[in-house]
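Written out below as structure tokens is the structure these notes cover.
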Amino acid sequence: MGAGQDRWVLHVDMDAFFASCEQLTRPTLRGRPVLVGGTGGRGVVAGASYEARAFGARSAMPAHQARRLVGPSAVFVPPRMAVYRALSHRVFEVFAEHAPVVEQVSVDEAFLEPPELRGADVERTRAWAQDLRTAIREATGLPASVGAGAGKQYAKIASDLAKPDGIVVVARRDHAEVLEPLPVRSLWGVGPVAGERLAQFGIATIGDLAAMDDDDVVHALGRTVGPAIARIARGYDDRPVHERAEAKQISAESTFSADLTTAGQVLAAVRGSAEAAHRRLLADGRAARTVTVKLKRSDFTSITRSYTLPQGTTSLETIVSVARSLAPDPVDFGAIRLLGVGLSGLTEIHQDALFEQEFVPDPRAVGGAAGVDDDDDDLPDIVGVGTTVTADSAEPSDVHPGDDPEAAPVIGSWRQTERERFRPGADVRHPEFGHGWVQGAGHGRVSVRFETAATGPGRMRTFAEDDPALEPADPVDSLGW
Numbered sequence: 001m002g003a004g005q006d007r008w009v010l011h012v013d014m015d016a017f018f019a020s021c022e023q024l025t026r027p028t029l030r031g032r033p034v035l036v037g038g039t040g041g042r043g044v045v046a047g048a049s050y051e052a053r054a055f056g057a058r059s060a061m062p063a064h065q066a067r068r069l070v071g072p073s074a075v076f077v078p079p080r081m082a083v084y085r086a087l088s089h090r091v092f093e094v095f096a097e098h099a100p101v102v103e104q105v106s107v108d109e110a111f112l113e114p115p116e117l118r119g120a121d122v123e124r125t126r127a128w129a130q131d132l133r134t135a136i137r138e139a140t141g142l143p144a145s146v147g148a149g150a151g152k153q154y155a156k157i158a159s160d161l162a163k164p165d166g167i168v169v170v171a172r173r174d175h176a177e178v179l180e181p182l183p184v185r186s187l188w189g190v191g192p193v194a195g196e197r198l199a200q201f202g203i204a205t206i207g208d209l210a211a212m213d214d215d216d217v218v219h220a221l222g223r224t225v226g227p228a229i230a231r232i233a234r235g236y237d238d239r240p241v242h243e244r245a246e247a248k249q250i251s252a253e254s255t256f257s258a259d260l261t262t263a264g265q266v267l268a269a270v271r272g273s274a275e276a277a278h279r280r281l282l283a284d285g286r287a288a289r290t291v292t293v294k295l296k297r298s299d300f301t302s303i304t305r306s307y308t309l310p311q312g313t314t315s316l317e318t319i320v321s322v323a324r325s326l327a328p329d330p331v332d333f334g335a336i337r338l339l340g341v342g343l344s345g346l347t348e349i350h351q352d353a354l355f356e357q358e359f360v361p362d363p364r365a366v367g368g369a370a371g372v373d374d375d376d377d378d379l380p381d382i383v384g385v386g387t388t389v390t391a392d393s394a395e396p397s398d399v400h401p402g403d404d405p406e407a408a409p410v411i412g413s414w415r416q417t418e419r420e421r422f423r424p425g426a427d428v429r430h431p432e433f434g435h436g437w438v439q440g441a442g443h444g445r446v447s448v449r450f451e452t453a454a455t456g457p458g459r460m461r462t463f464a465e466d467d468p469a470l471e472p473a474d475p476v477d478s479l480g481w
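The opening residue of the sequence shown carries number 1 in the UniProt record's numbering; numbering runs sequentially from there.
Right under this line is the structure:
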């Protein structure tokens, strides 16, 4: 038995969560390369199974690129947030049964610091983690990876090393052997820009940063952030595990290396920020009612414009359409040096149609009419903003609103047309065969696979599109609970 360690933090990450939920509730998809997200020209992958990742597909990748990588075996399904939220809720119930404090990071990951592991050795910690994974599997049927370490950063790195569906325990005494050879980008706070700055100092690994001179750290990363990141690289992360206050807003913004001066550049930048904010919204597991665009001119004056939808949404194309309607033309507004898209009015209850059409506010409303706010108050800045969009990369868009409505099926609204309700991926029910999902439709016929998480792989049957016995169903019923 090895020596005990005074503190153990665990990071639990549900493996390929969205895709795993689809494979759980639609057993025919198990073992197949599943991609969750939009399928049109502007669709984005929200989740990819490990079978799809083997081909190079990943979350946030354009759907057309993922389809090209995976090939004809790719299975695209629309996101079903109601199902993901239901499973997430059950996973967090398991966490709460095992630890008194759970720090939720997103809809599918959390930190725990069980009091009973204080002073525990590696073997006991590994056994505790295995018990937790077993409890999650029994409660949900889903796989989870668990990392354990002497602090939050080390637990997070360990869970990355544990994927897929494994456990990695990194004792403090093993930091030099396990963590120091890893790329410095493995650390929180070291993004593309910070990584490039460190590379200029010859810093490539966590060990390089740990050995870096303090003055050089400050010069490379700044006086505020630099010493904190270097301390973590040297093996000291005493940040507590605590319950987080629920976020009131999700946003993403970019400062441009060259000001945006054309409408095409602004529209492309809006989409980039909206996509980043949308990814965080999906990870959060809620819907948003209010879309806000924050802008800063080259003279550093700033404004925000917002529009509140009649109901919450998780649709990327709705968010992009609203944000684009709020963004001004720089010819009239002035050159733009910063642009951000924020999502607020976050709620667990939303009423998107099964295949939601884009909602575009009346352009005449922007700038003061009902539903639109236009003021000079800055949105809160976001820590860890994503990739900066440069003026050179923000080319005019050749797509138009309405080309590819994103799918965002949820509980509570079955108002889609006869044609829409039988699009691939839709949940349906039949009085004789039970719950199923649409695998294909066209030429007046619809093919349905009847199965749930409780049934195992089911049979496919074909119906006339206007068969009155076939009706839309609540996606959560696919859990078989």
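Glycine included, each C-beta is placed from N, C-alpha and C at the ideal position.
Of all the CB atoms in chain C, is at least one closer than 8 Å to the CB of residue i?
i, result
"R231", "Here there is only one protein chain, and chain C is not present."
Can you say whether residue i is buried or exposed, counting buried as having 16 or more other CB atoms within 10 angstroms of its CB?
i, result
"G368", "With a pLDDT of only 36 at G368, under the threshold of 50, the placement of this residue in the model should not be trusted; the figure read from the coordinates follows. Exposed, by the Cβ-count rule."
"K248", "exposed"
"E451", "buried"
"D108", "buried"
"F76", "buried"
"P78", "buried"
"T347", "exposed"
"P183", "exposed"
"D427", "buried"
"D6", "exposed"
"E253", "buried"
"H11", "buried"
"G412", "Because G412 carries a pLDDT of 28, less than 50, the predicted location of this residue cannot be relied on, and the following value inherits that uncertainty. By the 10 Å Cβ count, G412 comes out exposed."
"A245", "exposed"
"W481", "exposed"
"Q23", "buried"
"T313", "buried"
Check for me: the alpha helix (DSSP H) holding residue i runs from which residue to which?
i, result
"Q5", "Here Q5 belongs to no alpha helix (DSSP H), and DSSP marks it neither H nor E."
"G31", "From DSSP, G31 is part of no alpha helix (DSSP H); its letter is neither H nor E."
"S159", "K152 to A162"
"H175", "H175 to V178"
"W128", "V122 to T140"
"A52", "Y50 to R53"
If you draw a straight line from the alpha carbon of residue i to that of residue j, how long is it in whole angstroms?
i, j, result
"E317", "R271", "9 Å"
"A283", "Y50", "18 Å"
"G434", "R449", "10 Å"
"P114", "D174", "21 Å"
"S159", "A441", "41 Å"
"V320", "P424", "24 Å"
"L132", "V94", "8 Å"
"V36", "D214", "45 Å"
"G264", "S251", "22 Å"
"A277", "A323", "11 Å"
"V169", "L281", "30 Å"
"L67", "G38", "Per the sequence shown, the amino acid found at residue 67 is Arg instead of Leu. R67 and G38: Cα-Cα distance of roughly 11 Å."
"E123", "R172", "14 Å"
"R185", "D13", "19 Å"
"V225", "Y154", "18 Å"
"A453", "V91", "16 Å"
"P33", "H219", "45 Å"
"V341", "A63", "22 Å"
"V70", "G456", "25 Å"
"G141", "G43", "29 Å"
"residue 514", "Q200", "For the chain, the structure presents residues 1 to 481; residue 514 sits outside this window and is missing."
"S106", "G285", "8 Å"
Using only CA atoms, which one of the options lies nearest to residue i?
i, options, result
"E116", "Q130, H98, Q104 and S106", "H98"
"G151", "L182, W188 and P181", "W188"
"L343", "A327, Y307 and F333", "Y307"
"F333", "S298, G226, Y236 and V105", "S298"
"A288", "P310, S302 and A327", "P310"
"V146", "L260, R126 and F201", "R126"
"G235", "R118, V44, A176 and L112", "A176"
"A3", "A48, E253 and R118", "R118"
"T261", "P33, G285, K296 and A129", "K296"
"D259", "Q200, A194, R223 and A335", "A335"
"A82", "R305, L221, C21 and A469", "C21"
"T134", "G166, V446, A268 and D329", "G166"
"A268", "D329, P72 and L161", "D329"
In the DSSP assignment, find the unbroken beta strand (DSSP E) run with residue i in it and report its ends.
i, result
"R429", "D427 to H430"
"R337", "I336 to S344"
"T462", "M460 to A464"
"R449", "R445 to F450"
"A148", "A144 to G149"
"W481", "Looking at the DSSP string, W481 is not in any beta strand (DSSP E), and its letter there is neither H nor E."
* Along the chain, which unbroken stretches of the beta strand (DSSP E) at least 3 residues long are found entirely within the stretch 58 to 113? -> 75 to 77, 102 to 106 and 109 to 112
* To do: Could you pull out every unbroken alpha helix (DSSP H) segment of at least 4 residues lying fully inside the stretch 254 to 329, listed in chain order?
  => 263 to 284 and 316 to 326
* Asked: Hey, which unbroken runs of the alpha helix (DSSP H) at 4 residues or more fall wholly within the stretch 159 to 244?
  -> Listed in chain order, the complete alpha helix (DSSP H) runs (minimum 4 residues) inside the stretch 159 to 244 are 175 to 178, 192 to 200, 206 to 210, 214 to 221 and 225 to 233.
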